[in-house]
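The numbering of the sequence shown is my numbering, which starts it at 1 and goes up by one.
Before any comments, here is the structure.
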Amino acid sequence: MGSRFHQVSLIETSGTGVYFRTVARELVDEEEDLHAWMTRVLLAHRCDLGLYVGETGTIAADEDQVDADLWLAWDGVASFATAE
């Protein structure tokens, strides 16, 4: 089994499509859940208003295996999230 990761990306839209800009990606242990980790990272990076997606999973040789994702509307202070 590979290493575990959490990743958070800003979702950006333009006339040509939707893009995911990575804010942070870290190797993690299983102690901190994705929502708590995302909130901590967004505060640390001083991210402002936006829609963000967090992913957690396992790093694999060919392609990351994502176990769960979390969509989070962030206003720089608080968040509203979908269920994990």
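By construction, the Cβ of each residue, glycine as well, lies at the ideal position given by its N, Cα and C atoms.
C-alpha distance - residue i paired with residue j, whole-angstrom precision
i: LEU42; j: GLN65; result: 23 Å
i: ALA44; j: THR22; result: 14 Å
Close beta carbons around residue i, own chain, < 8 Å, minus the five adjacent residues each side
i: ALA60; result: GLY2
i: PHE20; result: SER9, LEU10, ILE11, GLU12, VAL53
Proximal residues to residue i (C-beta, below 7 Å), its chain only, five neighbours per side dropped
i: ASP75; result: LEU49
Exposure of residue i, with buried meaning 16 or more beta-carbon neighbours within 10 Å
i: HIS6; result: buried
i: GLU55; result: buried
DSSP three-state assignment for residue i, whether helix, strand or coil
i: LEU49; result: coil
i: ALA24; result: strand
i: ALA36; result: helix
i: VAL8; result: strand
Residues near residue i in its chain [Cβ-Cβ closer than 6 Å; skip 5 each side]
i: VAL28; result: ARG4, HIS6
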